Each structure stands twice: as C-alpha cells, then as structure tokens.
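The opening position of the sequence shown corresponds to residue 1 in this note's numbering, with each subsequent residue numbered one higher.
Note that the Cβ used here is the ideal one computed from N, Cα and C, for glycine as well.
If you're wondering where the values come from, they're calculated on a predicted model, not measured in any experiment.
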Amino acid sequence: MVERNLLEKGVRLVLALAGNPRATGTVRWVVADRAGFAFDAPIAADLMRIMRLGPQGPGLELHRA
C-alpha cells in the first residue's frame, strides 16, 4: 500500500524496480486511489508494466525525491 501523503499533487517522487534505472517525476493529479505522474525522462518498459499493477506491483518502491 502506498502512503496517502506520497500521492499529493506536486510531490516529487522516485520510483524504483530492481534491475531498472530509477525514475523521477512529479504527481500531477490524484483521484481516489489513482494518481498521474509526469516523469522527468522516459521510463523503462518493465517499470511501466509494473506500475499498471498499482501499489501491489511486485518489487516496486516509491519514495519522496
């Protein structure tokens, strides 16, 4: 489960998945339990697939930048 305070508009985040480069970005919108991110650079395809699974995605870590 993702901490609610991590998913606030304007918060800078780092997303990490083992074996992939870290991805940084900014939360742009939050509606209920969903959020949209603007990444600083294109992200790895593996990271995108895991993100689509939501906070239950295996091995996905989310931290404040």
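Whole-Å CB distance - residue i paired with residue j, under 8 angstroms assumed
i	j	result
V27	L13	7 angstroms
L6	R64	7 angstroms
Element boundaries [alpha helix (DSSP H), containing residue i]
i	result
L47	45-52
Residue i, enclosing beta strand (DSSP E) - first and last residue
i	result
R64	60-64
Burial state of residue i (16 or more Cβ within 10 Å)
i	result
A32	exposed
A23	buried
Spatial distance of residue i from residue j (CA atoms)
i	j	result
D40	L60	18 angstroms
G10	D46	25 angstroms
A44	E8	24 angstroms
M48	V30	18 angstroms
L62	P42	17 angstroms
Paired residues, beta bridge with residue i - DSSP
i	result
G10	Partner(s): none; G10 has no beta bridge.
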